[in-house]
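Below is one structure, written out as structure tokens; comments come after it.
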Amino acid sequence: MAKEMRKTRIGEVISHNNDTTATVAMVWKQQHRVYKKQVRRVTKFYVHDVENQCRVGDTVKIEETRPISKTKHWRLMEIVTRKQVADIQPNEID
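The sequence shown lines up with residues 241 to 334 when you count with the working numbering.
Put into structure tokens, the structure is as follows:
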């Protein structure tokens, strides 16, 4: 597939349980055909993350690629924004 023809998407990492695989959700809206209300839809992509650099909550940019496994057809291009993690010590929880 030519580089110019590859699709790119921006979504949020919702899972990173497996090694080198992240699940990215892209949220989009569609109008209901009868009631004309905006309905929220979610599309999940399984993304190849070689260096395990993304975390849950990060906003990432992904690119379509050759099939890597049965369900993985996307690879991680860049991390757009990182999720802010609070620095809380165990003794501060009490």
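We treat Cβ as the ideally placed atom computed from N, Cα and C, and that holds for glycine.
Note that this is a predicted model, so its numbers are computed, not measured.
Let me check understanding here. Comparing Cα to Cα, which of the options lies closest to residue i?
i      : options                        : result
Arg322 : Ala265, Gln293, Val274, Thr260 : Gln293
His288 : Arg246, Glu332, Trp268, Thr260 : Thr260
Thr283 : Lys310, Val267, Val325, Asn258 : Val267
In three-state terms, what does DSSP make of residue i?
i      : result
Glu291 : coil
Lys243 : helix
Rounded to the nearest angstrom, what separates residue i and residue j at their Cα positions?
i      : j      : result
Ile254 : Arg280 : 16 Å
Val290 : Gln324 : 22 Å
Thr305 : Tyr286 : 12 Å
Q) Is the segment 244-252 touching the segment 294-304, taking contact as three or more C-beta pairs under 8 Å? A) At 8 Å Cβ cutoff, the stretches touch.
**Q.** Continuous beta strand (DSSP E) assignments of at least 3 residues falling wholly in the segment 247-301
**A.** 248-255, 261-271, 278-288, all fully within the segment 247-301.
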